[in-house]
Amino acid sequence: MSLDADRTAGGAPDAAPPFIPFNRPSLEGQEMELMRASVEEGGHTSADGPFSAQVADLLRAEVGAASVLLTTSCTAALEMSALLLDIAPGDTVVVPSFGFVTTALAYVRQGARVLFCDIDEHTLGLDPAHLDDLMDDSVRAVVPIHYAGIRCDVDGIQAVLDRWPRAALIEDNAHGLFGRHDGRPLGSYGRFSALSFHETKNFICGEGGALIVNRESDVERANILYHKGTNRQAFLHGQVDKYSWQDVGSSFGLSDVLAAFLYGQLQQRTSILHKRKTAFDRYQRLLEPWADELGLRLPHVPDGCEQAYHMFYVLLPDEPTRNRTLARLHANGVHATFHYVPLHSSPGGQRFAARAGECPVTDRVAGRLLRLPFYTSLTITDAERVVSELLRALDADPHAA
Ligand SMILES: *Cc1c(COP(=O)(O)O)cnc(C)c1O
Numbered sequence: 002m003s004l005d006a007d008r009t010a011g012g013a014p015d016a017a018p019p020f021i022p023f024n025r026p027s028l029e030g031q032e033m034e035l036m037r038a039s040v041e042e043g044g045h046t047s048a049d050g051p052f053s054a055q056v057a058d059l060l061r062a063e064v065g066a067a068s069v070l071l072t073t074s075c076t077a078a079l080e081m082s083a084l085l086l087d088i089a090p091g092d093t094v095v096v097p098s099f100g101f102v103t104t105a106l107a108y109v110r111q112g113a114r115v116l117f118c119d120i121d122e123h124t125l126g127l128d129p130a131h132l133d134d135l136m137d138d139s140v141r142a143v144v145p146i147h148y149a150g151i152r153c154d155v156d157g158i159q160a161v162l163d164r165w166p167r168a169a170l171i172e173d174n175a176h177g178l179f180g181r182h183d184g185r186p187l188g189s190y191g192r193f194s195a196l197s198f199h200e201t202k203n204f205i206c207g208e209g210g211a212l213i214v215n216r217e218s219d220v221e222r223a224n225i226l227y228h229k230g231t232n233r234q235a236f237l238h239g240q241v242d243k244y245s246w247q248d249v250g251s252s253f254g255l256s257d258v259l260a261a262f263l264y265g266q267l268q269q270r271t272s273i274l275h276k277r278k279t280a281f282d283r284y285q286r287l288l289e290p291w292a293d294e295l296g297l298r299l300p301h302v303p304d305g306c307e308q309a310y311h312m313f314y315v316l317l318p319d320e321p322t323r324n325r326t327l328a329r330l331h332a333n334g335v336h337a338t339f340h341y342v343p344l345h346s347s348p349g350g351q352r353f354a355a356r357a358g359e360c361p362v363t364d365r366v367a368g369r370l371l372r373l374p375f376y377t378s379l380t381i382t383d384a385e386r387v388v389s390e391l392l393r394a395l396d397a398d399p400h401a402a
């Protein structure tokens, strides 16, 4: 690794290669103009304004949902789903151990205990066979993630749930907006699904999210919880002559200024997805010839899957190699990163688990997974540099392929 040593030790500061961050938010269309319009023309900057309505219409049409409520985060949307299911102490929920903290936390806040499910080697989504082992009468919700915007085995999960009618399917679709499988949109399978517009996601507004309500029978109560426990929505629609406190709820709504920004992003959805696909395909094409020799496992996209191009990950042969590779990449200005620390063995996971359990695939994958820099404005030149630094970090000769 003499080249690496030269670069990090001796060189003058201005000789350092440009830093490639893991993520970089970008303006892709009319975001700033629309935010200005929200303040100066519309004058409705709180939740439930005209831009929120346009975003909700667009998402409802995409997913074929009964209703879409824009929230301050994906976490808030999952919390709404927990309230709508009346999750309470004594209930359990199943989440993938290879997942984000709030996928579990949203239900733990309501007093639920958690059952941690292992993942499938190929999609890195919830494993239906392990789910089958975990199920019992206490389970009220099963919350899979479409990891990297690639559909998890929803059919296998649904086949298990068909035998447990008390358990609702909730999709954490933070990665998968506009992903499809055999033409069917991700986020359309669950009773509810949740989206994120956090700065690290495909479509952003800083912080934001949405609750997708797929059943007509949940729409009225979802509106009450969303409007701070009141029937304000019915009042605004002239269905009641005054509004009052009815139910539990909170202040879940996204500011219309942020909805305006988000609308600017969503107007460019074709272009954003195309840019992300271009970056993904370039990584894939440059790394494929090295996969066998270096023991790399690249993302597996099942037949029929139109993925959402949320990330590009590589599985390295073992954890020490992964950690050494990350350190070398950082030293050379490429900010690759690991991903989820298994929830089942985290302090919070152990505290809130319904019972102890093992997730061996999760443990194996979490230690070996490395995510390459991936964002909408990533250029081909950036992708090429990332790959050549990755190959150098793995002691491969990038010029040999
Ligand atoms: C980002 C993310 C969340 C949380 O999203 P927020 O909008 O930050 O609350 C939840 N689940 C998954 C899978 C995520 O990637």
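For what it's worth, my numbering labels the leading residue of the sequence shown as 2, then goes sequentially. Quick reminder that beta carbons are idealized off the backbone N, C-alpha and C, glycines included. These numbers come from a predicted model, not from an experiment.
Exercise. For ligand 1, any of its heavy atoms closer than 7 Å to the Cβ of G210?
Worked result: The count along the sequence shown starts at 1 and reaches residue 210 at position 209. Yes, the Cβ of G210 comes within 7 Å of a heavy atom of ligand 1.
Problem set entry | 4-residue-minimum alpha helix (DSSP H) runs that sit fully inside the segment 228-270, ordered along the chain | 233-237 and 257-268
Exercise. Are at least three pairs of beta-carbons, each pair with one atom in the segment 64-78 and one in the segment 30-40, less than 8 Å apart?
Worked result: no
For this session: Please report how far the alpha carbon of I21 lies from the alpha carbon of I88, in whole angstroms.
Result: The residue labelled residue 21 in the question sits at position 20 within the sequence shown. The residue labelled residue 88 in the question sits at position 87 within the sequence shown. Their backbone Cα atoms lie some 43 Å apart in a straight line.
Problem set entry | Per-residue burial, Q266 [other beta carbons within 10 Å of its own, 16 or more giving buried] | Along the sequence shown, read from residue 1 onward, the residue named residue 266 stands at position 265. Buried, by the Cβ-count rule.
For this session: Taking only heavy atoms of ligand 1 into account, decide whether any of them is closer than 7 Å to the Cβ of S74.
Result: In the sequence shown, the residue the question calls residue 74 occupies position 73. True, at least one ligand heavy atom lies under 7 Å from that Cβ.
Exercise. Among residues of its own chain, excluding the 5 on either side of S256, which ones have a beta-carbon nearer than 7 Å to its beta-carbon?
Worked result: Looking up residue 256 in the sequence shown gives position 255. Closer than 7 Å at Cβ, skipping near neighbours: T46, S47 and A48.
Problem set entry | Cβ neighbour criterion (16 or more within 10 Å) applied to G349 | Position 348 of the sequence shown, counting from 1, holds the residue named residue 349. Flag for G349 reads exposed.
Exercise. Is the segment 116-127 touching the segment 202-222 in the sense that three or more CB pairs, one from each, lie closer than 8 Å?
Worked result: no
Exercise. Is the Cβ-Cβ distance between G188 and I213 less than 8 Å?
Worked result: Locating residue 188 in the sequence shown gives position 187, where the first residue counts as 1. Locating residue 213 in the sequence shown gives position 212, where the first residue counts as 1. A contact, by the Cβ cut-off of 8 Å.
Exercise. If we call anything under 8 Å between Cβ atoms a contact, is L299 one with E390?
Worked result: Reading the sequence shown from its first residue, position 298 is the one you call residue 299. Reading the sequence shown from its first residue, position 389 is the one you call residue 390. Cβ distance not < 8 Å, so L299 and E390 don't count as in contact.
Problem set entry | Local conformation of L316 per DSSP, three classes | As a first step, residue 316 must be located in the sequence shown, where it is residue number 315. Of the three classes helix, strand and coil, the one that applies to L316 here is strand, per DSSP.
For this session: Give every residue of the same chain whose Cβ lies closer than 8 Å to the Cβ of E294, excluding the five residues on either side of it in the sequence, and list them in chain order.
Result: In the sequence shown, the residue the question calls residue 294 occupies position 293. Cβ neighbours of E294 beyond the five flanking positions: A397.
Exercise. In this structure, does DSSP put L59 in helix, strand or coil?
Worked result: As a working mapping, residue 59 is identified with position 58 in the sequence shown. In the structure shown, L59 sits in a helix (DSSP, three-state: H, G or I).
Exercise. Does ligand 2 have even one heavy atom less than 7 Å from the beta-carbon of I158?
Worked result: As far as ligands go, the structure on display features ligand 1 and does not contain ligand 2.
Exercise. If you follow the beta strand (DSSP E) that R369 is part of, which residue opens it and which one closes it?
Worked result: Against the sequence shown, residue 369 aligns to sequence position 368. First-last for R369: P361 to R369, but that is the alpha helix (DSSP H), not the beta strand (DSSP E).
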